[in-house]
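To keep things clear, I will list the structure first and then write my remarks on it.
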Amino acid sequence: MWKKVYEWLDERIGLNDIYTNLLDRPEPKGNWWNTLGSASLFLFIMQGLTGIFLTVYYTPSPDHAYDSVQYIMEGVAFGWLIRGIHHWGATLMVIVVFIHMLRVFVTASYKFPRELTWLIGIGLFLTTLGMGFTGYLLPWNQRAYWATTVGTQIAGSVPFIGEFILKALRGGPNLSALTLQRFFSGHIWIIPLILAALMGTHLYLIIRHGESHYPTKED
Amino acid sequence: MSGSSELSRRDFIKVTTGIVGGLIGVAIGLPTISYLIDPALQESGKDAWISIGKFEDMQVGKPYPFSFTQVQVNGWERTSSSFGGYAIRKSDDPKELLILNSRCTHLSCTVNWHEESDAFLCPCHDAKFSKDGQVLDGPPPRPLDVYSEFRLSDDGRIEIFFKAG
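From first to last, the protein sequence lines are chains G and Y.
Residue numbering for the first sequence follows the working numbering, beginning at 1 and increasing consecutively.
Residue numbering for the second sequence follows the working numbering, beginning at 1 and increasing consecutively.
Right, dumping it as C-alpha cells:
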C-alpha cells in the first residue's frame, strides 16, 4: 500500500532523484571537519524551531519583555529547556559557522569553481552574527540593554553616515520601544529570511559542484 | 544462517533505529507539547474567603458597605479588579445576613445606597433597587447579585466566599 503511494509520488515528483542528488551523491574522502556545514544547518533548524516556540509566550514590549522571559523560565513547563536550547544554540551556531568557515579557508575549498559559495558563506556568517546581535536585546535585561547601547554606538562611529546608521538601527536617537520592536522583527522575520535564502543558494551550489577534495602535497 | 531464528544484522539495525528514534521523538515531543498546553493545565486563579467587616459593626437594617480587590495573574500579567457590596443585617443571627453585590445588573455600574429614597441607586441609568436587591425602577433585567456563601469567623468577622473567574 505505502509502496504504491510512494511509487505514485515518485513518478510525479522524482523522490528517488531527490534522494540520490541530496543524500547519495559522491563525496571525496573526508573527515569530521566536513560535517560542520551540516551541523550549522542543523543548528539553524533547531534555532528556528525553538525560536518559534518562544514566540508563543514572548512579548517584544518594554513593559512585558523581561516579565515574559521570566515567565518562560519559571512559569511554563519546559520553558527553561526551550529557551536554554535557543540561548546556548545561538552561541554554538556562531562558533560552528566560524569553524566551518575556517576549515574551508584552510583546505582552500573556496577556489574555482566555488568562489560564489564562499562569498555567500561570508554573507551567511554575517547574518548569523546579525541574528546574535538582534537576539541579544530581546530579554530586555540590563546586559541586553547596555550591550545594544554600546553595539549601536559602535555602528554609529562610522564616518559621515554613522549618526544615520545609529538612528536607523535604534529607530530614533534613543534605545526605546521602537528599538526592541525592530530588533524583534529583524530577529524573527527579516534576517532569518535572508539567512534562509542565502542558505538555499549555498546548498544548491554545494550540490552542483560537489565537495572539494582535500589538497594533496602536489597541490 | 537462513532459517535460523537470529536477527539479521540489517533487521537489528532497523529495530534499534526505530527504538532509539522513538525515544528521541518522545524526549522531544513531550516537553514540546507540555510547553504549548501548559497554560491550559494551570488552575485559573484561586478561590478565597474574604473578610468584609466585623459583624458587630453592621447595624440592623442599615446596609453596611464593603469593598475589596482581587488580583488575577495571567502569565506575566497581573490584573487587579475591585469588587464591592452591601451587607444588610436583619437580626442577631449572622446567618440571616443578606450580602449584595453592588454591581448593577444592567451595565455593571456601581450602585450606591441612598438613605432618603431607602433604595440603591445606580448613577448610570437611574436604576433603583430595594434594600433586598429587588428591581424597583429602571432597566436592570434582574435583582442585584447576592454573595450567598459567607461565614462568621472566630474573631467576629464576616467572610464571603469569592469564586475566581
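Glycine is no exception: its CB is placed at the ideal position from the N, C-alpha and C atoms.
Practice prompt. Measure the Cβ-Cβ separation of Thr127 (chain G) and Ile188 (chain G) and say whether it is below 7 Å.
Written response: Here the question's residue 127 (chain G) lines up with position 127 in the first sequence. Here the question's residue 188 (chain G) lines up with position 188 in the first sequence. No, the Cβ-Cβ distance between Thr127 (chain G) and Ile188 (chain G) is not below 7 Å.
Discussion item. Against chain Y, with Cβ distances strictly below 7 Å, would Ser68 (chain G) count as a contact?
Written reply: By 1-based counting over the first sequence, the position of residue 68 (chain G) is 68. So, interface residue.
Worksheet item: So Leu169 (chain G) and Ala147 (chain G) are in contact, right, with Cβ under 8 Å, and what is the actual spacing, rounded?
Response: In the first sequence, residue 169 (chain G) corresponds to position 169, counting from 1. In the first sequence, residue 147 (chain G) corresponds to position 147, counting from 1. No, Leu169 (chain G) and Ala147 (chain G) are not in contact; Cβ-Cβ is about 13 Å, not under 8 Å.
Item to complete: Identify the continuous alpha helix (DSSP H) that holds Leu49 (chain G) and give its terminal residues.
Response: Position 49 of the first sequence holds residue 49 (chain G). In this chain, the alpha helix (DSSP H) harbouring Leu49 (chain G) covers Leu36 to Leu54.
Item to complete: Report the residue ranges of all alpha helix (DSSP H) runs contained in full by the region 66-137 of chain G; include only those spanning at least 4 residues, in chain order.
Response: 79-106 and 115-137
Worksheet item: Taking the Cβ atom as the reference point for each residue, do Lys131 (chain Y) and Asp137 (chain Y) lie within a distance shorter than 7 Å?
Response: Stepping through the second sequence from its first residue, residue 131 (chain Y) is reached at position 131. Stepping through the second sequence from its first residue, residue 137 (chain Y) is reached at position 137. Going by C-beta atoms, Lys131 (chain Y) is not nearer than 7 Å to Asp137 (chain Y).
Fill in: Tyr64 (chain Y), enclosing alpha helix (DSSP H) - first and last residue
In the second sequence, counting from the first residue as 1, residue 64 (chain Y) sits at position 64. Where Tyr64 (chain Y) is concerned, there is no enclosing alpha helix (DSSP H), although the beta strand (DSSP E) it sits in stretches over Tyr64 to Asn74.
Practice prompt. Report the residues of the region 71-102 of chain G with a CB closer than 7 Å to any CB of chain Y, ordered along the chain.
Written response: Tyr71, Gly75, Val76, Ala77, Phe78, Gly79, Leu81 and Ile82
Worksheet item: So which residues on chain Y does Tyr6 (chain G) lean against when the C-beta distance must stay under 9 Å?
Response: Your numbering for residue 6 (chain G) matches position 6 in the first sequence. By Cβ distance, chain Y contributes nothing, its closest Cβ being about 17 Å from Tyr6 (chain G), past 9 Å.
Worksheet item: Which of the three DSSP states, helix, strand or coil, is assigned to Gly156 (chain G)?
Response: The residue given as residue 156 (chain G) occupies position 156 in the first sequence. Gly156 (chain G) carries a helical assignment under DSSP once its states are collapsed to helix, strand and coil.
Practice prompt. Check the DSSP bridge columns for Ala119 (chain Y) and list the partner residues they point to.
Written response: If you number the second sequence from 1, residue 119 (chain Y) lands on position 119. Ala119 (chain Y) pairs with Y:His114.
Worksheet item: Taking Cβ positions, are Pro113 (chain G) and His213 (chain G) nearer each other than 7 Å?
Response: On the first sequence, position 113 is the one that residue 113 (chain G) refers to. On the first sequence, position 213 is the one that residue 213 (chain G) refers to. Not in contact: Pro113 (chain G) and His213 (chain G) (Cβ atoms no closer than 7 Å).
Discussion item. Quick check: is the beta carbon of Ser34 (chain Y) nearer than 7 Å to any beta carbon in chain G?
Written reply: Working through the second sequence from its first residue, we reach residue 34 (chain Y) at position 34. Yes - at least one Cβ of chain G is within 7 Å of the one on Ser34 (chain Y).
Worksheet item: Looking at the C-beta of Gly75 (chain Y), does it have a partner C-beta in chain G at a distance below 7 Å?
Response: The sequence position of residue 75 (chain Y) within the second sequence is 75, counting from 1. By this cut-off, Gly75 (chain Y) is an interface position.
Worksheet item: Any C-beta of chain G sitting closer than 7 Å to the C-beta of Asp145 (chain Y)?
Response: The residue given as residue 145 (chain Y) occupies position 145 in the second sequence. Chain G, which has no Cβ nearer than 7 Å to the Cβ of Asp145 (chain Y), makes this no.
Worksheet entry | Proximity winner among G:His87, G:Leu178 and G:Asn174, relative to Asn49 (chain G) (alpha-carbon distances) | The residue given as residue 49 (chain G) occupies position 49 in the first sequence. The amino acid occupying residue 49 (chain G) in the given sequence is Leu; Asn does not appear at that position. Ranking the options by Cα distance to Leu49 (chain G), first place goes to G:His87.
Fill in: Cβ of Pro166 (chain Y) within 7 Å of any chain G Cβ
Since the displayed chain Y opens at 1 and closes at 165, residue 166 (chain Y) lies outside it and no answer follows.
Practice prompt. Would you kindly work out how many angstroms separate the C-alpha atoms of Pro65 (chain Y) and Ser108 (chain Y), rounded to a whole number?
Written response: Taking the first residue of the second sequence as position 1, residue 65 (chain Y) is located at position 65. Taking the first residue of the second sequence as position 1, residue 108 (chain Y) is located at position 108. C-alpha separation (whole angstroms): 17 Å.
Practice prompt. Return yes when the Cβ of Ala90 (chain G) is within less than 7 Å of the Cβ of Gly121 (chain G), no when it is not.
Written response: Residue 121 (chain G) sits at position 121 when you count from the first residue of the first sequence. Residue 90 (chain G) sits at position 90 when you count from the first residue of the first sequence. The answer is no: Cβ separation not under 7 Å.
Item to complete: Helix, strand or coil for Trp140 (chain G), going by three-state DSSP, please let me know.
Response: By one-based count along the first sequence, residue 140 (chain G) stands at place 140. If DSSP states are grouped into helix, strand and coil, Trp140 (chain G) belongs with coil.
Worksheet item: Residues of chain Y with a CB under 8 Å from the CB of Ser57 (chain G): which are they?
Response: Counting from 1 along the first sequence, the entry for residue 57 (chain G) is found at position 57. Per the sequence presented here, residue 57 (chain G) reads as Tyr, with Ser not at that position. Per Cβ cutoff of 8 Å: Gly75.
Discussion item. Tell me the residue span of the beta strand (DSSP E) that contains Ala48 (chain Y).
Written reply: Position 48 of the second sequence, counting from 1, holds the residue named residue 48 (chain Y). Here the beta strand (DSSP E) through Ala48 (chain Y) covers Ala48 to Lys54.
Worksheet entry | Contacts that Asp137 (chain Y) makes with chain G (C-beta to C-beta distance below 9 Å) | As a working note, residue 137 (chain Y) is residue 137 in the second sequence. The contacting residues do not exist; Asp137 (chain Y) stays about 44 Å from chain G at best.
Worksheet entry | Helix, strand or coil at Lys217 (chain G) [DSSP, three-state] | Position 217 of the first sequence, counting from 1, holds the residue named residue 217 (chain G). Annotated three-state conformation of Lys217 (chain G) is coil, per DSSP.
Worksheet item: Starting from Val20 (chain Y) and walking both ways along the alpha helix (DSSP H), at which residues does that stretch end?
Response: Taking the second sequence and counting its residues from 1, one reaches residue 20 (chain Y) at position 20. Looking at the DSSP string, the run of the alpha helix (DSSP H) that includes Val20 (chain Y) is Arg9 to Leu41.
Worksheet item: Can you give the Cα-Cα distance for Leu203 (chain G) and Glu77 (chain Y), rounded to whole angstroms?
Response: Numbered from 1 along the first sequence, position 203 holds the residue referred to as residue 203 (chain G). Numbered from 1 along the second sequence, position 77 holds the residue referred to as residue 77 (chain Y). One Cα belongs to Leu203 (chain G), the other to Glu77 (chain Y), and the distance between them is close to 44 Å.
Worksheet entry | Asn21 (chain G), enclosing alpha helix (DSSP H) - first and last residue | Here residue 21 (chain G) refers to the residue found at position 21 of the first sequence. Segment Leu15 to Leu23, the alpha helix (DSSP H) holding Asn21 (chain G).
Worksheet item: Which residues, in chain order, does the region 30-58 of chain G contribute to contact with chain Y at a C-beta distance below 8 Å?
Response: Taken in chain order, the members of the region 30-58 of chain G whose beta-carbon sits within less than 8 Å of a beta-carbon on chain Y are Phe53, Val56 and Tyr57.
Worksheet item: Listing by chain order, which chain Y residues have their CB less than 7 Å from the CB of His64 (chain G)?
Response: As a first step, residue 64 (chain G) must be located in the first sequence, where it is residue number 64. Going along chain Y in sequence order, the residues near His64 (chain G) (Cβ under 7 Å) are Trp76.
Item to complete: Decide if Thr79 (chain Y) is buried, meaning its Cβ has at least 16 other Cβ atoms within 10 Å, or exposed.
Response: For this step, residue 79 (chain Y) is matched to residue 79 along the second sequence. When all chains shown are included, Thr79 (chain Y) counts as exposed.
Worksheet item: Name the chain G residues whose beta carbon is nearer than 7 Å to that of Asp38 (chain Y)?
Response: Taking the second sequence and counting its residues from 1, one reaches residue 38 (chain Y) at position 38. What Asp38 (chain Y) touches in chain G: Val76 and Ala77.
Worksheet item: Between the region 92-105 of chain G and the region 34-45 of chain G, do three or more beta carbon pairs fall short of 8 Å?
Response: yes
Worksheet item: Which residues does DSSP pair with Ala87 (chain Y) in a beta bridge?
Response: Taking the first residue of the second sequence as 1, we reach residue 87 (chain Y) at position 87. Ala87 (chain Y) is bridged to Y:Tyr64 and Y:Ile99.
Worksheet item: Contact between the region 50-66 of chain G and the region 2-17 of chain Y: three or more CB pairs below 8 Å?
Response: no
Discussion item. Quick check: the Cα distance between Val96 (chain G) and Ala39 (chain G), rounded to an integer number of angstroms?
Written reply: Position 96 of the first sequence, counted from the start, is the residue given in the question as residue 96 (chain G). Position 39 of the first sequence, counted from the start, is the residue given in the question as residue 39 (chain G). About 7 Å.
Item to complete: Can you give me the Cβ contacts of Gly123 (chain G) inside the same chain, cut-off strictly under 6 Å, excluding the 5 residues immediately before and after it?
Response: Position 123 of the first sequence, counting from 1, holds the residue named residue 123 (chain G). Cβ neighbours of Gly123 (chain G) beyond the five flanking positions: Leu198.
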